[in-house]
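Structure first, commentary second.
4 protein chains.
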Amino acid sequence: MAHPKVENVAIVGGSGYGAAELLRILSSHPRVKVVRVLSRSNAGKEVADVHPNLRGFYGLKFSGAGIEEAAREASIVFFATPHKVAMGDVPKIVDSRGVRAIIDLSGDFRLKDPDLYRKYYKATHEAVDLLPGFVYGLPETNRALIRRARCLASPGCFPTGSLLALLPLAERGLLKGDVVVDAKTGSSGSGVDPSPTTHHPERAQDFRAYKMFEHQHEPEIVQCLRQAGAKDFGLTFIAHSAPMVRGIFTTAYVNLDMTAEEVRRLYRKHYRDEKFVRVVNGSPRCSVVAGTNFCDIGVAANGRKCVVMTAIDNLVKGGAGQAVQSMNIMRGFDETEGLWFPGTRP
Amino acid sequence: MAHPKVENVAIVGGSGYGAAELLRILSSHPRVKVVRVLSRSNAGKEVADVHPNLRGFYGLKFSGAGIEEAAREASIVFFATPHKVAMGDVPKIVDSRGVRAIIDLSGDFRLKDPDLYRKYYKATHEAVDLLPGFVYGLPETNRALIRRARCLASPGCFPTGSLLALLPLAERGLLKGDVVVDAKTGSSGSGVDPSPTTHHPERAQDFRAYKMFEHQHEPEIVQCLRQAGAKDFGLTFIAHSAPMVRGIFTTAYVNLDMTAEEVRRLYRKHYRDEKFVRVVNGSPRCSVVAGTNFCDIGVAANGRKCVVMTAIDNLVKGGAGQAVQSMNIMRGFDETEGLWFPGTRP
Amino acid sequence: MAHPKVENVAIVGGSGYGAAELLRILSSHPRVKVVRVLSRSNAGKEVADVHPNLRGFYGLKFSGAGIEEAAREASIVFFATPHKVAMGDVPKIVDSRGVRAIIDLSGDFRLKDPDLYRKYYKATHEAVDLLPGFVYGLPETNRALIRRARCLASPGCFPTGSLLALLPLAERGLLKGDVVVDAKTGSSGSGVDPSPTTHHPERAQDFRAYKMFEHQHEPEIVQCLRQAGAKDFGLTFIAHSAPMVRGIFTTAYVNLDMTAEEVRRLYRKHYRDEKFVRVVNGSPRCSVVAGTNFCDIGVAANGRKCVVMTAIDNLVKGGAGQAVQSMNIMRGFDETEGLWFPGTRP
Amino acid sequence: MAHPKVENVAIVGGSGYGAAELLRILSSHPRVKVVRVLSRSNAGKEVADVHPNLRGFYGLKFSGAGIEEAAREASIVFFATPHKVAMGDVPKIVDSRGVRAIIDLSGDFRLKDPDLYRKYYKATHEAVDLLPGFVYGLPETNRALIRRARCLASPGCFPTGSLLALLPLAERGLLKGDVVVDAKTGSSGSGVDPSPTTHHPERAQDFRAYKMFEHQHEPEIVQCLRQAGAKDFGLTFIAHSAPMVRGIFTTAYVNLDMTAEEVRRLYRKHYRDEKFVRVVNGSPRCSVVAGTNFCDIGVAANGRKCVVMTAIDNLVKGGAGQAVQSMNIMRGFDETEGLWFPGTRP
């Protein structure tokens, strides 16, 4: 058997946690090789000096080159940049012949409606013409489109947890009336830059809500639920900061006149072919999925009230892991390549 | 001016966190003196050997005496015992002439319906005849009754957070339809005994739900909301374990067609005379109220959807602090006596 | 009895954690009143908007006034400023007749040798002439001088933990040869400004050393030990960052041919009149002293090797609490005024 | 090329954290297959019901079978049991012909002197005759012996961190005089069973020392340093509990008249062929090695004083990972097999 060809990867936004996780995951991926990691702020530094966990795994230095140069070397380009960067850079490489996959981990190409983008991201979208070409990278609902995609908008962390909780109902027309999603995130979701809300003395023993009714992930969730067929529902989404590092726990409150066992069976059936979704008894737990690409789902019910709970690692299934999962699908690799590892206990 | 008389206090269940907080708070209370701390498991030990934070503040040893003996010395008796203890002990002292206040921090006398008690506490109530005589000790809604009470059922931690969020609506007839209460607690709510869910390696970076639709605090919340006048509502209450030590954060989702500013004004008006309730802008924070008797409340709204958030310390406003607040009211002391201190930052 | 006179206090550097703790402690102090809190960055804001724990306790706004104006109103001035501020400001008020106590919580006036200041603080000292007039504010060794002091340099957090461990030996001529002090601090010691080392995702599960052989607290410790009479010793001091919020744990390794019981007796005798030092059996614990002005001390010994361990709250006994303790001594108040409260459990 | 043969593995003590990590690591090991996991307390349960992180990776149930039965199926047997179990079980299988590797993660076969075992483990050793046959499994110093070993005593977590810090000096005759090792461990080192010192409310914000001068790892460290050639040294070892889950940080204070740069060069040279030791600039960090088999080492020096710092994950390089590393050496596999993965950031 001939050795399978290895594809070259470039990562834009190399200093952040998204890039750190991409690099961690791709370090053991047999089908790709990271050849360039762009970072303006750290250009010239060793990757391992910024991401010390990677010492011994990469000899690379951060590159201050432009996106076009990176695109000449790599057939796969990840954007692990803050919002508003990819929409400026993607147009410069979207026509590069050698680039076969553009995967954006930021929010720039998730919302189809540029007005929503303006409202929630407080900026005018600069690449509106490219929006239709981006496929939303949630494999559990969009695998067929992802397979054919060249440009991919990888989902946000909250939407991943919320959608995996609600899509089985949405796709069956069972999502109706008031839906409440109470979501709790670890501090790594705030990114690599220190801020008052991630200052350890303030965060270590705190719990609070934030961006109530204004979080940019809410319209992303609604858009996807509608695409899945949900119509007569109203979503209330509230994000909370929990004092852990990794993880998103989502508690979704829905109206559904089924027993817990029936709901669990429905979810088990729905996800039976999914490698990265595990329907568990009782509550899922953030610590169990930390560091992994798994989404654990639990359900509970009482009369017409039902609660669906999901736990993911915001930086893996809610970030870099999911992006690699989509890359695997896009490039015809085994979907679990680079991602098939369990979490730790404890 | 004559020096005010000091009353004697006995604490039953002295080894636990509830007792530790009672002792901490009462150490600076000018109107009472703790004369006896009962603990079978630690009888004979110095209080400070079990609660090392109290070294220098109490010379007492734990007493293995019976409740009757304690009641002979003390005019105020606190039960900081696990559920199912007070209902056995209270009958032995309820007729003691010298006992002027019996304050139970456990769940034994909160539910008026013994069938609910059996269902949620998995035990037959042993003092059903005493249930009507117990006043529910939430000063913000029940102050007049507390003033005349001799027997007091101090509220649970989740009910305190939930009720302070919902009572202003319930009392105005504004609580209607589906109400979701998503509550998150710190680990100290599990008490002093180690268990798998409070094992540091498992808890420190975890988040999970527990006792979904089976938590014993749900019927307590419903009972109080009904007493306050709420009728046509359905409560879904889900408790979660967060990786902090102290604090309960409650996110209550209600239907209410008012702006956030209008809701905030309503709450400010409702609680304007309450010393221990602070209506804040934005989200309340658990770390801000940790160690204190305050309940901070925040609101947000969008169309007919409204979110009311509360933060309390489960062991203070949700436990020992509230019990002392009620004691102050029952015995005619200043309501803030022993409790008027701010939290720390950070 | 006439009501005792209340003195006015001004705090410079009002936005930081030091000021937050001064304000918390002084809120219950019967002999002083905080009349002005200076903060350039927050001038005009409510104190409670920056320090939300204090809501309900202060009606003050931060003042952007100059130090001279503050000194006209207050007889006691605290500097809770970063290093290099007090040495510029103190000269402006040191001759103000109304100012009876100037208490600096920063490092500006602790080192008697301006060359050491330059070396460790990387700045030229601007008020060298004032250095001799500043008394080092560690009451347990310097009470007599503090009583007569008008200008006070309140000790650093690491020196407090280290000196309370070593002074009983130093003062008896028992501190000889190599002394190792391995110190561990919580994140609040880094102050209120977010930084990479206090970024919650990085700090929550980390442990590391920092500023090895370069920490500015090392010469401060050496200076005090020498003043106490220690001569033939060499100190190795290494500071570490631990993933807690509050607390400094100090492990001091000394040469001393005594049993643990003998050492403990020596320490008990040495500190028998000290209200804020508690010699405990076994190891002291940071969580036990958190939020309090106590220093707990434990000892262990084996042959000629001895270990002395101390636990303090870096912001209280290692900061604002100790500064208030010194203020009490300077102004003739009861030394425990405002400070006599236990910590919480848990 | 022929597919390499896969060997069967049995794990004794399957419920604990050591077994959980062995199972995690071996799940991706291409040369072995876990065929049996013994656990008396969980016999009959799915492995994934006890170690939920492993759901999807093992179909096994815990076995209540005796050690002899396990030894008939497996050529490699790991003991991940509490102390005092392996010394009873190993004699039953040590003569089994099919068993090629017995690897004990407990302390039973580490100390060559049964009197020391009795003193520190408070039990009489039951298999004294087997002690000489056990090789101490620290690959960085003992690789040649490990290669030929059939019975292996895998090092304790504290000894691993301490020895990797001190062996380069010991082997060169540079370890002399007083040596202080101040070690700090995460809570997972206490194992899977809840206890007061790992109760989250007590541990989350605490720091303390424990077992001062009585820790069973001290004689293990001394024994190895002596074997490496160190003679005229005296070790003071103090263990501390830090409020993190994983990690051991070791600060070793030695006498050595070299500059930091010289020491670093010495360590780099010493470990240049070691895959799992990384000599870093500045301080190592526990969070950087968490989940991995790496030991990061940093050094600092000042005159004749030198500090060597190491960071490991107590359950990996200080536990299961190191045991697998030794297994790889014993069975002729690539030493990094199953272990070559970086940690996460953050």
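Chains as they are written, first to last, in the working numbering: chain A, 1 to 346; chain B, 1001 to 1346; chain C, 2001 to 2346; chain D, 3001 to 3346.
Yeah, the Cβ is synthetic: ideal placement off N, Cα and C, and Gly gets one too.
Within the 8 angstroms Cβ cut-off, does F3057/D reach chain A?
F3057/D counts as touching chain A.
How is M1001/B classed by DSSP in three states: helix, strand or coil?
Residue confidence for M1001/B is low, a pLDDT of 49 falling below 50, so the modelled location carries little weight and cannot support an answer.
Just the chain C side, please: which residues come within less than 8 angstroms of Q205/A by C-beta, in chain order?
Under the 8 angstroms cutoff, chain C gives V2245.
In chain B, what lies closer than 7 angstroms to V2288/C by C-beta?
Simply P1052 and N1053.
Give me the residue from D206/A, M309/A, D113/A and K92/A with the minimum Cα distance to V263/A.
The shortest C-alpha separation from V263/A is found at M309/A.
Compare the C-beta of T198/A against all C-beta atoms of chain C and say whether one is closer than 8 angstroms.
Yes, contact with chain C.
How about F2233/C: is its C-beta nearer than 8 angstroms to some C-beta of chain B?
Chain B contact via Cβ: absent.
Quick check: the stretch 2007-2027 of chain C against the stretch 2074-2094 of chain C, are there 3 or more CB pairs under 8 angstroms?
The stretch 2007-2027 of chain C is in contact with the stretch 2074-2094 of chain C.
State the DSSP-derived secondary structure class of F3158/D, mapped to helix, strand or coil.
Three-state DSSP puts F3158/D in a helix.
Give the DSSP-derived three-state secondary structure of N293/A in the structure shown.
Looking at N293/A - three-state DSSP - the assignment turns out to be coil, as it is neither helix nor strand.
Does the stretch 2251-2265 of chain C come into contact with the stretch 2195-2204 of chain C, if we say contact requires no fewer than three beta-carbon pairs (one atom in each stretch) closer than 8 angstroms?
Output reads no: the stretch 2195-2204 of chain C does not touch the stretch 2251-2265 of chain C.
With H, G and I counted as helix, E and B as strand and the rest as coil, what does DSSP make of S241/A?
Three-state DSSP puts S241/A in a strand.
Looking only at DSSP bridge pairs, what is A3007/D linked to?
Contrary to the premise, residue 3007/D reads as Glu rather than Ala in this sequence. E3007/D is bridged to V3032/D.
Is the beta carbon of S1154/B closer than 8 angstroms to that of S1287/B?
It is not a contact, given that the beta carbons lie outside the stated cut-off.
Determine the closest residue to F3341/D out of V6/A, G14/A, A20/A and R24/A, with distance taken between C-alpha atoms.
For F3341/D, the nearest C-alpha among the options comes from R24/A.
Does the stretch 1304-1321 of chain B touch the stretch 1126-1139 of chain B, meaning 3 or more C-beta pairs lie closer than 8 angstroms?
Taking 8 angstroms as the limit for Cβ pairs, the verdict is that the stretch 1304-1321 of chain B does not touch the stretch 1126-1139 of chain B.
Kindly indicate if chain B contains any beta-carbon less than 8 angstroms away from that of T336/A.
Cβ-Cβ to chain B under 8 angstroms: no for T336/A.
Give a yes or no on contact between the stretch 3204-3218 of chain D and the stretch 3239-3252 of chain D, applying the rule of three or more CB pairs nearer than 8 angstroms.
These segments touch.
Return no unless some Cβ of chain A is closer than 8 angstroms to the Cβ of K1122/B.
So no, K1122/B is outside the interface.
Would F1341/B pass as an interface residue toward chain C - the criterion being a Cβ-Cβ separation below 8 angstroms?
Chain C contact via Cβ: present.
Return the residue from the list R2100/C, S2162/C, V2192/C and L2038/C that minimises the CA-CA distance to V2032/C.
Out of R2100/C, S2162/C, V2192/C and L2038/C, R2100/C has the C-alpha closest to the C-alpha of V2032/C.
Given that a residue counts as buried once 16 or more other Cβ atoms are within 10 Å of its Cβ, and exposed if not, what is D3104/D?
When all chains shown are included, D3104/D counts as buried.
Would you check if the distance between the CB atom of V3047/D and the CB atom of Y3058/D is smaller than 8 angstroms?
Their beta carbons are under 8 angstroms apart, which means V3047/D touches Y3058/D by this criterion.
Under 7 angstroms Cβ to Cβ from S41/A, same chain only, skipping five residues before and after it: list those, please.
Excluding residues within five positions, the ones whose Cβ falls inside 7 angstroms are S15.
Write down the C-beta distance between F2294/C and R2278/C rounded to the nearest angstrom, noting that I regard them as a contact closer than 8 angstroms.
Right, their Cβ atoms sit about 6 angstroms apart.
With DSSP collapsed to three states, give me the class of S2310/C.
In the sequence under discussion, the amino acid at residue 2310/C is Thr, which differs from the Ser named in the question. T2310/C falls in the strand class under three-state DSSP.
Once DSSP output is grouped into helix, strand and coil, what is the label at R208/A?
Correct three-state label for R208/A: strand.
Are three or more beta carbon pairs between the stretch 1223-1235 of chain B and the stretch 1153-1169 of chain B nearer than 8 angstroms?
Counting Cβ pairs under 8 angstroms, three or more are found: they touch.
Mapping the DSSP letters down to three states, classify A3019/D as helix, strand or coil.
If DSSP states are grouped into helix, strand and coil, A3019/D belongs with the helices.
Quick one: which residues of the stretch 71-93 of chain A get their C-beta closer than 9 angstroms to a C-beta of chain D? List them in chain order.
Per Cβ criterion, the list is empty.
Is there a Cβ of chain A sitting closer than 8 angstroms to that of S2188/C, yes or no?
It does: the Cβ of S2188/C has a partner Cβ on chain A nearer than 8 angstroms.
Identify the residues that DSSP records as bridge partners of C2151/C: which are they?
C2151/C pairs with I2102/C and F2134/C.
Which bits of chain C does K3317/D rub up against, with CB to CB less than 7 angstroms?
Those within 7 angstroms of K3317/D in chain C number zero; the least Cβ separation is about 15 angstroms.
From the DSSP secondary-structure annotation, give me the bridge partner or partners of L2038/C.
For L2038/C, which the question treats as bridged, DSSP gives the partners V2012/C and S2063/C.
Counting only C-beta atoms, is M2001/C closer than 8 angstroms to chain B at any point?
Since pLDDT at M2001/C reaches only 49, below the 50 mark, its modelled position is unreliable, and the value read off the structure follows with that caveat. So no, M2001/C is outside the interface.
Quick check for students: name the residue ranges of the alpha helix (DSSP H) that lie wholly in the stretch 1312-1342 of chain B, counting only runs of 4 or more.
Qualifying alpha helix (DSSP H) stretches, in chain order: 1320-1330.
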